[in-house]
Amino acid sequence: MGRHRVCSTLRRTELLLRAPVVLALILFVLLPSAWAEAPKGYERLTRAQVLEAVERASTAGGRADFYSKDLSDLDLSGVDFKGANLTAAVLNGSNLSRANLSRCNLTVAFAEGTNLSGADLTEAVLFSTQLKRADLRNANLSRARLIGDLTSANLSGANFRQADAAADMRNQSMGLMRANFISPVSSGRTLRAQTSPRPTSASPTSRARI
Numbered sequence: 001m002g003r004h005r006v007c008s009t010l011r012r013t014e015l016l017l018r019a020p021v022v023l024a025l026i027l028f029v030l031l032p033s034a035w036a037e038a039p040k041g042y043e044r045l046t047r048a049q050v051l052e053a054v055e056r057a058s059t060a061g062g063r064a065d066f067y068s069k070d071l072s073d074l075d076l077s078g079v080d081f082k083g084a085n086l087t088a089a090v091l092n093g094s095n096l097s098r099a100n101l102s103r104c105n106l107t108v109a110f111a112e113g114t115n116l117s118g119a120d121l122t123e124a125v126l127f128s129t130q131l132k133r134a135d136l137r138n139a140n141l142s143r144a145r146l147i148g149d150l151t152s153a154n155l156s157g158a159n160f161r162q163a164d165a166a167a168d169m170r171n172q173s174m175g176l177m178r179a180n181f182i183s184p185v186s187s188g189r190t191l192r193a194q195t196s197p198r199p200t201s202a203s204p205t206s207r208a209r210i
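Going by our numbering, the first residue of the sequence shown is number 1, and it counts up by one from there.
Structure follows, in structure tokens:
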């Protein structure tokens with residue numbers, strides 16, 4: 001009888017330990033659809049406020065911080081954001097053509113339908129960045145680190161020299177990893193990824209050197 005109780009206790013403990021893992025997997029599956037739209041409740045900034053923040057950071061010798069700020073549908077063409085923190089920022093529909101976004105952190109940022117034509121994204125970090133329908137014509141993404149969704153993005157003339165791209169974990173099956181360049185408009189440009197069909201760990205194993 002004592003042995004039965006010990007076994008039952010061990011089984012319950014094992015289930016409790018597995019619960020966070022199961023929850024994580026559920027969120028992993030649900031996140032892509034949840035992230036398809038910009039989240040509500042983000043602080044909305046005007047163009048004047050953005051320019052003021054950039055100028056203030058530049059004067060102080062620091063980097064502008066737009067973490068979780070809503071900069072959607074703004075004309076920010078040509079703005080110098082160099083090194084700014086744009087983590088989780090909402091840039092949907094904004095005009096960032098010719099903007100300097102070099103070394104910016106755009107992790108989990110929303111840039112759907114954003115005009116990034118001619119933008120400088122050198123050494124930018126774009127992990128899980130939403131770039132659906134983004135205009136990246138002639139953008140410079142050299143040495144950028146990219147794990148994002150480029151569905152229907154226009155990559156004509158874009159510079160991906162030495163860019164480091166890997167699979168978007170939220171959009172891949174558990175048995176296959178691949179670079180997530182989905183139907184990009186690239187004017188014949190071929191994007192190739194070296195893939196590992198059966199990864200042995202939870203980390204991304206496919207990487208595209210472009």
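Idealized CB from N, CA, C, for every residue including glycine. Note that the structure is predicted; figures quoted are calculated from it, not measured.
* **Continuous beta strand (DSSP E) assignments of at least 3 residues falling wholly in the segment 112 to 145** => 125 to 130
* Smallest Cα separation from Arg98: which of Val108, Phe110, Glu112, Lys82? -> Lys82
* Kindly provide the ranges of any alpha helix (DSSP H) runs that are 4 or more residues long and lie completely inside the segment 56 to 102, ordered along the chain. => none
* Residue burial classification, Phe135 (beta-carbon count within 10 angstroms, cutoff 16) -> In the sequence as displayed, the identity of residue 135 is Asp instead of Phe. With 16 or more Cβ atoms within 10 Å of its Cβ, Asp135 is classed as buried.
* To do: With DSSP as the reference, label Ala53 as helix, strand or coil.
  => helix
* Arg161 by DSSP, collapsed to three states: which one? -> Looking at Arg161 - three-state DSSP - the assignment turns out to be coil, as it is neither helix nor strand.
* Could you check how far apart the C-beta atoms of Asn92 and Phe66 are, in whole angstroms? I think they sit under 8 angstroms. => Actually they are not in contact, since the Cβ atoms of Asn92 and Phe66 sit about 14 angstroms apart, beyond 8 angstroms.
* Asked: For the candidate residues Asp164, Asn95, Ser117, whose alpha-carbon lies nearest to that of Ile147?
  -> Closest in C-alpha terms to Ile147, from the list Asp164, Asn95, Ser117, comes Asp164.
* **Neighbour-count burial assignment, Asp75, 16 or more Cβ in a 10 Å radius** => exposed
* Where Ala68 and Glu43 are concerned, what is the direct C-alpha to C-alpha distance, given to the nearest angstrom? -> Note on identity: in this sequence residue 68 is Ser, with Ala being the wrong assignment. So the two alpha carbons sit approximately 7 angstroms from each other.
* Asked: What residues in its chain sit with their C-beta under 8 angstroms from that of Ala57, if we drop five residues either side in the sequence?
  -> Arg63, Ala64, Asp65, Ala84
* To do: Return the residue from the list Val79, Glu112, Leu101, Ser156 that minimises the CA-CA distance to Val90.
  => Glu112
* To do: Go ahead and label Gln162 buried or exposed: buried means 16 or more other beta carbons lie within 10 angstroms of its beta carbon, across all protein chains shown.
  => Label assigned to Gln162: exposed.
* Asked: Relative to the alpha-carbon of Pro87, which residue among Asp80, Leu101, Asn95 has its alpha-carbon at the smallest distance?
  -> The sequence shown places Thr at residue 87, rather than the Pro named in the question. Of the listed residues, the one whose Cα sits closest to Thr87 is Leu101.
* **Sub-8 angstroms separation of Ser77 and Asn95 beta-carbons** => yes
* **Spatially closest choice to Thr107 from Ala139, Phe127, Arg145, by CA coordinates** => Distance from the Cα of Thr107 is smallest, within the candidate group Ala139, Phe127, Arg145, for Phe127.
* Nearest-angstrom Cβ-Cβ length linking Ala119 and Ala144, presumed shorter than 8 angstroms -> About 11 angstroms; that fails the 8 angstroms criterion.
* Asked: According to the neighbour-count rule (16 or more other Cβ atoms, all chains shown, within 10 Å of its Cβ), is Arg137 buried or exposed?
  -> Buried, by the Cβ-count rule.
* Given a threshold of 16 other Cβ atoms within 10 Å of its Cβ, counted over all protein chains shown, does Ala48 qualify as buried or as exposed? -> exposed
* **Spatially closest choice to Gln130 from Lys40, Leu45, Asp149, by CA coordinates** => Asp149
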